[in-house]
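So the structure is just underneath, and the comments pick up after that.
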Amino acid sequence: MPRLDGKVAIITGAAQGIGAVYAQALADEGAKVMIADILDGNPTASRISAQGGTADFMQTDVSDESSVAAMVDATVAKWGGVDILINNAAIWASLRAKPFEDISPEEWDKLMAVNVKGPFLCARAVVPHMRAGKYGRIVNIASGTAYKGTPNFLHYVTSKGAVIAMTRALAREVGEDGITVNTLAPGLVLSEQVVASPELLEKLSAPVMASRAIKRDQLPQDLVGPLLFLVSDDAAFMTGEVTVIDGGSVMH
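The numbering of the sequence shown is this note's numbering, which starts it at 70 and goes up by one.
Have a look at this one:
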């Protein structure tokens with residue numbers, strides 16, 4: 070039997086890139102998947118359905134409380150509950166490296182609204198449903214860069230450090246309800262968005278590769294196994310933890 074048979078999962082930022090890979094992986098393991106993205110996730114949902122999985126899409130702005138609430142309500146109405154939340158949506162590949170003093174307050178606020186407020190709002194919306202069932206798996210997506218202090222991306226690095234701290238505090242609050250909260254922290258992944266951003270690759274690729282113990286590019290598929298572990302019963306007694314998947318660039 071698939072590991073996630075009958076489970077209901079919400080994955081934010083899953084219309085494309087790594088999120089779409091996550092969605093396919095959870096559907097392949099039997100989960101009913103709601104793709105929540107500000108972009109059009111219908112093609113991804115249709116592709117999953119064509120391959121025998123169960124998926125739907127609802128356009129969602131994770132930085133907007135009413136949008137998140139509507140998405141969670143629609144998921145519960147369609148499938149009866151929420152068992153898994155993957156907080157994947159984030160601003161990253163569109164960023165340009167710059168000294169911190171060149172980051173405008175407007176850019177800072179926009180990024181924090183998606184990367185930090187978004188996971189908070191999504192967790193806040195799903196936890197009541199998880200509590201009702203005395204079961205839940207929340208996986209926040211951070212980044213190994215929070216351990217490195219990568220320069221010229223201060224707002225992004227700060228946001229991912231906040232996600233790690235949020236994971237630890239939230240895990241303390243919901244553990245008695247049968248809910249685990251963990252963080253998956255990838256390295257520099259060659260997602261379609263990153264590949265389409267040559268400036269980002271030029272800035273980061275060489276130093277990242279030099280720091281890795283495993284000398285190859287990281288692909289979205291490298292994250293599937295660890296993610297499935299965290300959302301399955303294999304990780305039922307694990308919470309508040311950070312799992313870094315980056316080829317040994319960060320060891321903590």
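Using N, Cα and C, we set each Cβ at its ideal position, and we do this for glycine too.
- Excluding five sequence positions before and after S274, the CB atoms of its chain that fall closer than 8 angstroms to its own CB belong to L257, given in chain order.
- The beta-carbon distance between L292 and L253, rounded to whole angstroms, is 7 angstroms. This is short enough to meet the 8 angstroms contact definition.
- Counted as a single uninterrupted DSSP element, the stretch harbouring K284 is not any beta strand (DSSP E), since DSSP gives it neither H nor E.
- 8 angstroms or more divides the Cβ of R281 from the Cβ of S228.
- Residue ranges of uninterrupted beta strand (DSSP E) with 3 or more members, entirely inside the region 94-120 and ordered along the chain, are 101-106.
- Distance from the CA of G187 to the CA of I104, rounded to the nearest whole angstrom, comes to 15 angstroms.
- Going by DSSP, I207 is part of the beta strand (DSSP E) stretching over G205 to I210.
- Check the Cα spacing between T129 and each of T123, D106 and A146: the tightest is with D106.
- In this structure, DSSP gives Q128 an extended state, which the three-state scheme calls strand.
- Under the DSSP definition of a beta bridge, L239 lacks any partner.
- Distance check between A83 and each of S135, A92 and K76 places A92 closest, using alpha-carbon atoms only.
- About 5 angstroms separates the CB atoms of V137 and A194; that is less than 8 angstroms, so the two are in contact.
- A straight line joining the alpha-carbon of S266 with that of G244 spans about 39 angstroms.
- A check of alpha carbon separations from E176 across D97, A114, V102 and Y225 identifies Y225 as the nearest.
- It is roughly 24 angstroms from the alpha-carbon of V263 to the alpha-carbon of E170.
- Under the DSSP assignment, A254 falls in the beta strand (DSSP E) whose first and last residues are I248 to P255.
- Within the same chain, G309 come within 7 angstroms of R237 by CB-CB distance, once the 5 residues on both sides are set aside.
- Closest in alpha carbon position to G86, among E242, P112 and G150, is P112.
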